[in-house]
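This report concerns only the one structure given below.
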Amino acid sequence: MNKFINFAKQDKYQRLASNYGFNKLEQYEPEMEEAAGDTIIQAQKLWKEKKDGNNEIVSVFAADVSGSMDGEALNKLKESLLTASQYIREDNSVGLVTFSSNVNINLPINKFDLNQRSYFAGAVEDMQASGNTAMFDAIVVATDMLIKAKENKPNAKLMLFVLSDGNTNRGHSFNDIKSMLQVLKIPIYTIGYNADIKVLQNVSRINEAASINADVDDVTYKLRNLFNAQM
Numbered sequence: 001m002n003k004f005i006n007f008a009k010q011d012k013y014q015r016l017a018s019n020y021g022f023n024k025l026e027q028y029e030p031e032m033e034e035a036a037g038d039t040i041i042q043a044q045k046l047w048k049e050k051k052d053g054n055n056e057i058v059s060v061f062a063a064d065v066s067g068s069m070d071g072e073a074l075n076k077l078k079e080s081l082l083t084a085s086q087y088i089r090e091d092n093s094v095g096l097v098t099f100s101s102n103v104n105i106n107l108p109i110n111k112f113d114l115n116q117r118s119y120f121a122g123a124v125e126d127m128q129a130s131g132n133t134a135m136f137d138a139i140v141v142a143t144d145m146l147i148k149a150k151e152n153k154p155n156a157k158l159m160l161f162v163l164s165d166g167n168t169n170r171g172h173s174f175n176d177i178k179s180m181l182q183v184l185k186i187p188i189y190t191i192g193y194n195a196d197i198k199v200l201q202n203v204s205r206i207n208e209a210a211s212i213n214a215d216v217d218d219v220t221y222k223l224r225n226l227f228n229a230q231m
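So the sequence shown is residues 1 to 231, counted in full-length UniProt numbering.
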């Protein structure tokens, strides 16, 4: 990038840019002052409310608690969920499942009010790692929860978040469920911890959702931005 900037700053190319209409407003100063951070947050909140209208967002978080997640990976996963969940609006609905050798529904889908937030935080704090990794089974269970929720909320926007290392060694495979996910068109956002990131990226690509690598990305920042935009 710096090489390109230095290249573009050469007199020859600056003159050429001026000939094509660039560099005409170098003395321009905007009349409006830079918006304060609080103002931007309030504007974003209003935009979300107007954008979604009366369409509720229903989401399920599927968290990997298999033995391979023991230690730092699970601690990071918990931190991601607890911190980022602060940015989910209370008029949206949230559920939580965990998976290792089996899949457990820790928190059925409900409005994310104070009670649901408390249950969510408690379920996250109680997570312990053991067993194998049935990630695609968890995706099937979480998807079923979302589809059933939509029966009562036909205008709801559905979202699935999978937090895992992606090292599936039990249950369904990617190919087993790929066609189902393509038909349902539910975006699956994946967050990888010490992960086989390509597997998670392939899951997210099915319905054009984002994949976050917790080893190199600021997960809380990215989830906060995602929730601010979507939830």
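All C-beta atoms, glycine included, are put in the ideal place defined by N, C-alpha and C.
All values derive from a computational prediction rather than experimental measurement.
Label Lys216 either buried or exposed according to how many other C-beta atoms from any shown protein chain fall within 10 Å of its C-beta, with 16 as the threshold for buried.
The residue given as residue 216 occupies position 216 in the sequence shown. Here residue 216 turns out to be Val, not Lys, going by the sequence shown. Taking every protein chain shown into account, the CB of Val216 has fewer than 16 other CB atoms within 10 angstroms, so this residue is exposed.
Nearest-angstrom beta carbon gap, Val141 and Val94 [assumed within contact, 8 Å]
Numbered from 1 along the sequence shown, position 94 holds the residue referred to as residue 94. Numbered from 1 along the sequence shown, position 141 holds the residue referred to as residue 141. Contact between Val94 and Val141 does not hold, since their C-beta atoms are separated by about 15 Å, which reaches or exceeds 8 Å.
Best match in Asp64, Ala214, Gln14 for proximity to Ser100 [C-alpha to C-alpha]
One-based indexing of the sequence shown puts residue 100 at position 100. It is Asp64 whose Cα lies nearest to the Cα of Ser100.
Continuous beta strand (DSSP E) stretch holding Lys157: start and end
Taking the sequence shown and counting its residues from 1, one reaches residue 157 at position 157. Boundaries of the beta strand (DSSP E) around Lys157: 157-164.
Could you tell me the alpha carbon to alpha carbon distance between Ala129 and Gln14, rounded to whole angstroms?
Looking up residue 129 in the sequence shown gives position 129. Looking up residue 14 in the sequence shown gives position 14. Rounded to whole angstroms, the separation of the alpha carbons of Gln14 and Ala129 is 59 Å.
Reference Ala134, options Ser173, Asn202, Glu208, closest by Cα
Reading the sequence shown from its first residue, position 134 is the one you call residue 134. Answer by Cα proximity: Ser173.
Host beta strand (DSSP E) of Ile191 (start-end):
Position 191 of the sequence shown holds residue 191. Run containing Ile191: 188-192, per the beta strand (DSSP E) assignment.
Under three-state DSSP, which class holds Phe99?
By 1-based counting over the sequence shown, the position of residue 99 is 99. Taken through DSSP and simplified to helix, strand or coil, Phe99 comes out as strand.
Let me make sure I understand the geometry here. Which of Asn175, Leu96, Asn75 has the alpha-carbon closest to that of Phe112?
Counted from its first residue, the sequence shown places residue 112 at position 112. Closest option to Phe112, Cα to Cα, is Leu96.
Given this structure, state the Cα-to-Cα distance separating Gln230 from Lys12, to the nearest angstrom.
Along the sequence shown, one-based indexing puts residue 230 at 230. Along the sequence shown, one-based indexing puts residue 12 at 12. Distance from the CA atom of Gln230 to the CA atom of Lys12, rounded to whole angstroms, is 46 Å.
Beta carbon of Asn110 nearer than 8 Å to that of Glu56:
For the purposes of this step, residue 110 is identified with residue 110 of the sequence shown, where counting begins at 1. For the purposes of this step, residue 56 is identified with residue 56 of the sequence shown, where counting begins at 1. At a Cβ-Cβ threshold of 8 Å, Asn110 and Glu56 do not count as neighbours.
Indicate whether Gly171 and Phe136 have their beta-carbon atoms separated by less than 8 Å.
Numbered from its first residue, the sequence shown carries residue 171 at position 171. Numbered from its first residue, the sequence shown carries residue 136 at position 136. With respect to Phe136, Gly171 sits close: the two C-beta atoms are nearer than 8 Å.
The region 177-192 contacting the region 156-163, beta-carbon criterion three pairs below 8 Å
Counting C-beta pairs closer than 8 Å gives three or more between the region 177-192 and the region 156-163, which meets the contact rule.
CA-CA distance, Tyr87 and Val183?
What you label residue 87 is simply residue 87 of the sequence shown in a count that begins at 1. What you label residue 183 is simply residue 183 of the sequence shown in a count that begins at 1. For Tyr87 and Val183, the distance between alpha carbons rounds to 30 Å.
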